[in-house]
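Working notes, structure below.
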Amino acid sequence: MRLLSPTESPGGIRVNGTALIVTGLVATLAALVFPIWSYADRAGTGLDTLDSQSVSTRFGPLSATDRIFITKVRLAGLWEMPAGQQAEERAPSRSVETAGEHLVEGHTFLDARVREVAAQLNLELPNQPNPQQQGWLRTLTAARGTDYERKFANILRRAHGQVFSLVAQVRASTRNSLVRELADDANTTVLDHIKVLEATGLVDFDALARNGATASPPPVTRSPAPPGPTTAPDPATPLTPTPTLTLPPAASRPRT
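Residue numbers (the UniProt record's numbering): 1 to 256.
Structure representation (structure tokens):
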């Protein structure tokens, strides 16, 4: 029986040791390169989506997230100003009444700012709160006394916390100078509102933490971007669903 040499296969074919080493190196290199190629910036990635959903303006590119932010600032004022007016009129305690005053003054200022920005960017803005916000107003209208104050503090504190994270995201990433300035104003106003709502002593921080921990991330979709530049927005119209409240005169800046 003849013993095989180290470079000879059982079938009698000689295998070069260098070839084995080269084959192994090629396989290792392929394993390292494939993940890099797989996650390279190709069509459909975040950067590609950012570019495809942004529009050019003389103030810098306007992204889909920028347009969502502008819309949300407008929507916040459309329901929080009436909620603040309601608190001024109905709140049994001075702390909740003060929170209502801050809401009215802050969102009067922000609403004037967002309409100015939207006009310069030729963006269309909503003129009524969305269904969820109208539901919050109905909940507050139906409540009375201490139950009203508790619901006022917690509904509005939760809503402001959600907006706060969007403001930070936009301020950190926007390439549009008008949006950047609006985010600065929104940050100041929203933080002030969070503080006065917490100063009522009625905010349930445990519920806020549970809500944040159990909130599921939004599903990944390929929905189209919000509308791009269109016509200049009309002035805000008074809210017709319950409660029916008039808007106060414009303020020059938010209360500090």
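Beta carbons: idealized from backbone N, C-alpha and C, even for Gly. All of these numbers come straight from a predicted model, not from anything done at the bench.
Cβ-based neighbour list, residue i, same chain, cut-off 8 Å, excluding 5 preceding and 5 following
i	result
E97	A87, E88 and A91
G145	P92
Presumed contact (8 Å Cβ cut-off) between residue i and residue j, rounded CB distance
i	j	result
N187	G60	With 8 Å as the limit, N187 and G60 do not qualify as a contact, their Cβ atoms being about 19 Å apart.
H107	G77	4 Å
D66	T174	5 Å
L140	I155	7 Å
W79	Q133	4 Å
Rounded straight-line distance, which links the Cα of residue j to that of residue i
i	j	result
L202	N211	17 Å
P126	A118	11 Å
R94	D192	17 Å
Y148	A64	37 Å
S52	L178	20 Å
D41	A168	For D41, the predicted structure reports a pLDDT of 44, less than 50, and the residue's modelled location is therefore unreliable. The matter cannot be settled from this model.
R138	Q128	14 Å
N130	P82	14 Å
D206	E198	13 Å
Enclosing alpha helix (DSSP H) for residue i [first to last residue]
i	result
A143	Segment: none, A143 is in no alpha helix (DSSP H) and carries neither H nor E.
residue 259	Past the edges of the chain, shown from 1 to 256, lies residue 259, and the structure says nothing about it.
E89	A64 to R90
V179	S177 to E198
F205	F205 to T214
Within 8 Å, strictly: CB atoms of residue i and residue j
i	j	result
S54	L62	yes
V73	L208	no
residue 257	R171	Limits of the chain in this structure are 1 at one end and 256 at the other, which puts residue 257 out of reach.
L123	I70	yes
T189	L121	no
D152	I194	Going by the sequence as given, residue 152 is Phe instead of Asp. In this structure, I194 does not lie closer than 8 Å to F152 by Cβ.
Neighbourhood of residue i by C-beta distance below 7 Å, restricted to the same chain and skipping five residues each side
i	result
V196	T98, A99 and H102
D185	L110 and R113
T214	none
D204	N154
A143	K151
Cβ shell of residue i (< 6 Å), same chain only, five flanking positions each side left out
i	result
G84	G100, L103 and V104
R150	L202
H160	V190, H193 and I194
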